[in-house]
Amino acid sequence: MGNHYYLYHISVGGTMRKFLIFLLTLIVSSCAVFQPKEKAKPGLQPSEKQALMKAQVDSLITLGIQAHANGNDTLAIESWLKVMNYTDTIPDVYNYLGVAYQKFGQFQEALNYFKKAIELDTIYAEAYNNAGYMLLYLNQFKEAKEHFKKALKLNPNLERARENLKLVNQILAGKLNWQVFSLAENAQKSNDLLEEINGYKKVLQMDSTYAKAHNNLGVIYFYEGKIDSAFKHIRLALIYNRDYPEAINNLGYLHKEFGNYDLAIRLFFKALTLKPRYLGALNNLGEAYYLKGETENARRVFETVLELDKNNAVAKKWLEKLNSR
1 MGNHYYLYHI
11 SVGGTMRKFL
21 IFLLTLIVSS
31 CAVFQPKEKA
41 KPGLQPSEKQ
51 ALMKAQVDSL
61 ITLGIQAHAN
71 GNDTLAIESW
81 LKVMNYTDTI
91 PDVYNYLGVA
101 YQKFGQFQEA
111 LNYFKKAIEL
121 DTIYAEAYNN
131 AGYMLLYLNQ
141 FKEAKEHFKK
151 ALKLNPNLER
161 ARENLKLVNQ
171 ILAGKLNWQV
181 FSLAENAQKS
191 NDLLEEINGY
201 KKVLQMDSTY
211 AKAHNNLGVI
221 YFYEGKIDSA
231 FKHIRLALIY
241 NRDYPEAINN
251 LGYLHKEFGN
261 YDLAIRLFFK
271 ALTLKPRYLG
281 ALNNLGEAYY
291 LKGETENARR
301 VFETVLELDK
311 NNAVAKKWLE
321 KLNSR
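Every letter in the sequence shown is one number past the one before it in full-length UniProt numbering, and letter 120, counting from 1, is 120.
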């Protein structure tokens with residue numbers, strides 16, 4: 001949830017638990033149809049019955065994941081609820097249901113599912129993070145903070161929880177208006193570009209210093225070909241938050257596009273200093289080196305990306321290009 005837009009060619013992937021975990025997601029539910037448990041075929045041995053049940057459960061979970069990926073959360077919920085006909089002991093299924101209900105704005109229902117996931121798996125860091133985020137929407141900020149802290153204790157590398165902890169600390173310190181933040185989240189989830197732009201403009205009318213709105217608006221303007229407006233808003237984002245890695249990366253990207261490679265490289269390094277393992281900035285850095293003619297530096301950067309993410313398609317593409325020279 002609540003992604004900071006950044007300029008790069010993004011590929012989205014992941015499986016099972018990783019697939020449905022969120023930071024601050026882009027912000028009817030159908031009635032689940034519960035079918036009776038399918039009776040085992042006559043003559044099946046216990047091990048065969050178990051294998052059949054596992055196959056049915058796996059199929060329903062996969063169907064739900066595919067439906068969620070395609071934006072059909074009604075079908076996703078139906079599929080995951082049907083898993084309960086066979087077993088109610090899979091923490092991931094409850095976490096998935098929480099994610100889906102959150103997308104419908106049913107925050108209390110989502111929270112209940114995340115808490116059930118935690119009950120079944122007390123070291124499920126992602127479920128703690130997700131429950132914390134629902135508590136934000138329910139204005140239970142102190143309890144949300146405790147959930148984010150617990151998530152980080154369980155998994156210190158869970159970047160989403162780290163960002164959420166910063167967010168709730170800003171809210172508790174009075175440095176961030178939750179209403180403004182929520183409005184920005186709603187703008188971001190819009191499928192209509194004009195609505196999204198107008199949403200960010202409303203945010204900036206309420207709080208002209210809200211860096212994330214400036215950053216995201218700048219990215220939208222860039223892709224619309226409004227380069228002056230893109231530079232303006234990304235620079236404003238950095239005026240109001242000078243240590244904003246996504247905005248620094250985006251400013252570097254703009255300079256790279258206009259051939260200012262030395263400045264772009266410095267900006268990408270600054271973004272990486274603030275946010276290590278920032279793959280988008282690393283790939284941008286590699287491309288800037290390539291365009292500047294420093295091919296060995298480019299190669300080292302893309303190899304580093306693949307050390308962090310062996311399936312990174314962008315780094316693979318650039319290395320293939322370098323190897324074909």
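Yeah, the Cβ is synthetic: ideal placement off N, Cα and C, and Gly gets one too.
Inset, instruction - Taking the CB atoms as reference points, tell me whether residue 164 and residue 215 lie closer together than 8 Å. - result: Residue mapping note: residue 164 aligns to position 164 of the sequence shown, counting from 1. Residue mapping note: residue 215 aligns to position 215 of the sequence shown, counting from 1. In this structure, residue 215 does not lie closer than 8 Å to residue 164 by Cβ.
Legend entry - Cβ neighbour criterion (16 or more within 10 Å) applied to residue 47: On the sequence shown, position 47 is the one that residue 47 refers to. Counting Cβ neighbours within 10 Å, residue 47 comes out exposed, since fewer than 16 surround it.
Legend entry - Residue closest to residue 96, alpha-carbon to alpha-carbon, out of 86, 85 and 75: Translated into the one-based positions of the sequence shown, residue 96 becomes position 96. Comparing Cα positions, the closest option is 75.
Inset, instruction - Taking only the alpha-carbon atoms, compute the straight-line gap between residue 207 and residue 237 and give it to the nearest angstrom. - result: Position 207 of the sequence shown, counting from 1, holds the residue named residue 207. Position 237 of the sequence shown, counting from 1, holds the residue named residue 237. The straight-line gap from Cα to Cα measures roughly 12 Å.
Legend entry - Coarse secondary structure for residue 332, derived from DSSP in three states: Because the chain in this structure spans residues 1 to 325, residue 332 falls outside the shown range and cannot be described.
Legend entry - Backbone CA spacing between residue 233 and residue 137 [nearest angstrom]: Mapped onto the sequence shown, residue 233 falls at position 233. Mapped onto the sequence shown, residue 137 falls at position 137. C-alpha separation (whole angstroms): 28 Å.
Legend entry - Straight-line Cα distance separating residue 304 from residue 122: Taking the sequence shown and counting its residues from 1, one reaches residue 122 at position 122. Taking the sequence shown and counting its residues from 1, one reaches residue 304 at position 304. Their Cα atoms are separated by approximately 34 Å.
Inset, instruction - Could you have a look at residue 325 and say whether DSSP puts it in helix, strand or coil? - result: By 1-based counting over the sequence shown, the position of residue 325 is 325. It is coil, neither helix nor strand.
Legend entry - Secondary structure of residue 242, DSSP reduced to three states: As a working note, residue 242 is residue 242 in the sequence shown. Looking at residue 242 - three-state DSSP - the assignment turns out to be coil, as it is neither helix nor strand.
Legend entry - Backbone CA spacing between residue 146 and residue 298 [nearest angstrom]: The residue you call residue 146 lines up with position 146 of the sequence shown. The residue you call residue 298 lines up with position 298 of the sequence shown. Answer to the nearest angstrom: the Cα atoms are 42 Å apart.
Legend entry - Contacting residues, own chain, Cβ-Cβ under 7 Å from residue 30 (five flanking each side not counted): For this step, residue 30 is matched to residue 30 along the sequence shown. Note that residue 30 scores a pLDDT of 27, beneath 50, so its modelled location is shaky and nothing firm can be said.
Legend entry - Inter-residue spacing [alpha-carbon to alpha-carbon] between residue 307 and residue 283: Counted from its first residue, the sequence shown places residue 307 at position 307. Counted from its first residue, the sequence shown places residue 283 at position 283. Computed Cα separation, rounded: 13 Å.
Legend entry - Of the residues 175, 257 and 240, the one placed nearest residue 212, counting alpha carbons only: Start at 1 with the first residue of the sequence shown, and residue 212 comes out as number 212. The shortest Cα separation from residue 212 among 175, 257 and 240 belongs to 240.
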